[in-house]
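**Student:** Once you've had a glance at the structure underneath, I'll fire off some questions.
Rendered as C-alpha cells:
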C-alpha cells in the first residue's frame, strides 16, 4: 500500500506537469463515497503499472486552485496527464478494468 502519492496546488506543476512519465491524477474529496471505492483500485494499479504511469491524488477541498484550473466539477475525476497536458479523463467511480484501459489509452 501507499504507492500513490498526494499532490497539492503547490506541488502539482513539479509532480504532474513536469513529469517524464504519464501521471493519473485522482481528483477526490474526503466526503466522497465513490472516491473511497476507487482509491484501493488505484493503489492496486499503481503497484502493477508503477513503471509505466505514476498515480497521484489531489484533495479538491484542500487544493481548490488546481481543481478549478482543470474544471473538476465532480469527484472522483480521474485525468491522465502526458507531457504536461490532460489527455484522458473520466468522472465517477469506474471498475478496475476501465481504469486500466483509461491509462493504457494515454500511453
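Residue numbers (the working numbering): 987 to 1093. C-beta: ideal position from N, C-alpha, C; glycine also.
What's the call for residue 990, buried or exposed, on a 16-neighbour Cβ count within 10 Å?
**Tutor:** It counts as buried.
**Student:** Keeping to the same chain, check which residues put their C-beta closer than 6 Å to that of residue 994; ignore five residues upstream and five downstream.
**Tutor:** 1049, listed in sequence order.
**Student:** Nearest-angstrom Cα distance between residue 1076 and residue 996?
**Tutor:** Looking at the two C-alpha atoms, the distance is approximately 24 Å.
**Student:** Could you spell out where the alpha helix (DSSP H) holding residue 1084 opens and where it closes?
**Tutor:** Its alpha helix (DSSP H) spans residues 1082-1092.
**Student:** Go ahead and pull the three-state DSSP assignment for residue 1057.
**Tutor:** Three-state DSSP puts residue 1057 in coil, outside helix and strand.
**Student:** Taking only the alpha-carbon atoms, compute the straight-line gap between residue 1019 and residue 1030 and give it to the nearest angstrom.
**Tutor:** Approximately 18 Å, taken between the alpha carbons.
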